[in-house]
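Its first residue numbered 3, the sequence shown is counted upward by one per residue in the working numbering.
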Amino acid sequence: MIEFLNQALYVVSGTAWSVAYILIILRGFRDKTYGMPFISLAFNICWEFCFATIFNDGNPVHRAVNGAWFLLDIGILYTYFRYGKRDWPQRISTKYFYPYSFFILATAFAIIWFATRELHDTYGANMAYMMNLTMSVLYINMINSRGNLSGQSVGIAVAKLIGTGSYTIIFYVWHAKFLAFAGGLIVIFDLIYLLMVVNEGRLVWPFRLKLRS
Numbered sequence: 003m004i005e006f007l008n009q010a011l012y013v014v015s016g017t018a019w020s021v022a023y024i025l026i027i028l029r030g031f032r033d034k035t036y037g038m039p040f041i042s043l044a045f046n047i048c049w050e051f052c053f054a055t056i057f058n059d060g061n062p063v064h065r066a067v068n069g070a071w072f073l074l075d076i077g078i079l080y081t082y083f084r085y086g087k088r089d090w091p092q093r094i095s096t097k098y099f100y101p102y103s104f105f106i107l108a109t110a111f112a113i114i115w116f117a118t119r120e121l122h123d124t125y126g127a128n129m130a131y132m133m134n135l136t137m138s139v140l141y142i143n144m145i146n147s148r149g150n151l152s153g154q155s156v157g158i159a160v161a162k163l164i165g166t167g168s169y170t171i172i173f174y175v176w177h178a179k180f181l182a183f184a185g186g187l188i189v190i191f192d193l194i195y196l197l198m199v200v201n202e203g204r205l206v207w208p209f210r211l212k213l214r215s
């Protein structure tokens with residue numbers, strides 16, 4: 003029963019994240035921007051590459067899904083390189099855009115490589131949930147920084163929420179305390195982000211929402 007629940011939740015989570023990635027790509031082209039915070043994108047694409055090609059948890063389905071996500075993230079990365087200079091800080095020369103971007107990608111790959119080997123994180127779950135928690139916070143920062151919904155949508159916010167929230171259930175069943183705790187925090191931040199997107203509001207520290215009247 004638990005194994006069936008695990009597989010069912012994995013399908014729901016995998017489908018939701020795939021939908022989120024596709025919507026991010028489409029919205030990025032529509033708004034001429036990128037729809038995922040770059041730090042999160044760098045870690046995401048490196049994690050998916052590593053767990054689709056280098057690290058093997060023994061489950062071919064996981065590797066196939068990670069490979070599919072990697073290909074979708076290439077689409078998101080393309081929108082970043084095509085439109086990302088528009089969000090580059092004006093006080094810094096754009097000649098640093100590409101060196102900075104490739105340095106972050108290399109750093110993300112190195113961290114995932116070493117952390118997975120040193121911490122024996124065979125399934126990549128601990129790293130994935132730490133990355134996911136960071137992403138949820140950075141999405142809130144992105145909507146605040148841009149001051150609009152450029153590159154973002156309710157569909158993306160809902161798909162993200164379902165993608166992580168659904169699979170977090172299994173960690174409560176397994177009593178995996180860290181992953182359950184991290185997943186709970188991710189759901190909270192994703193709900194805050196969803197509320198911000200729905201209302202096109204601004205999150206002001208500490209979590210005060212200025213809603214549209």
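Every residue gets a Cβ at the ideal spot worked out from N, C-alpha and C, and that includes glycine.
- Nearest neighbour of residue 200 by Cα position, chosen from 184, 151, 165, turns out to be 151.
- Cβ contact annotation for residue 182 (same chain, cutoff 6 Å, sequence separation greater than five): 173, 174, in chain order.
- Each residue's CA atom was taken as its position, placing residue 76 and residue 43 some 9 Å apart.
- Scanning the region 117-193 from its first residue to its last, the whole alpha helix (DSSP H) runs of 4-plus residues come out as 127-148, 156-175.
- Taking the Cα positions, residue 156 is about 17 Å away from residue 139.
- When DSSP states are grouped into helix, strand and coil, residue 88 belongs to the helix group.
- Taking a contact to require three or more Cβ pairs closer than 8 Å, the region 52-60 and the region 15-35 do not qualify as touching.
- Of the other Cβ atoms in all chains shown, 16 or more fall within 10 Å of the Cβ of residue 131; this residue is therefore buried.
- DSSP places residue 5 within a helical segment (H, G or I) once states are collapsed to three.
- Comparing alpha carbon positions, the residue from 177, 168, 27, 73 closest to residue 85 is 27.
- In the three-state DSSP reduction, residue 80 falls in the helix class (H, G or I).
- Using a 10 angstroms sphere on the CB of residue 35, the tally of other CB atoms reaches 16 or more, which defines it as buried.
- Residue burial annotation: residue 176 is exposed, with fewer than 16 other C-beta atoms found within 10 angstroms of its C-beta.
- DSSP, reduced to helix, strand and coil, places residue 38 outside both helices and strands of the structure shown, so it counts as coil.
- Burial is judged here by how many other beta carbons sit within 10 angstroms of a residue's own beta carbon; residue 168 has at least 16 and is buried.
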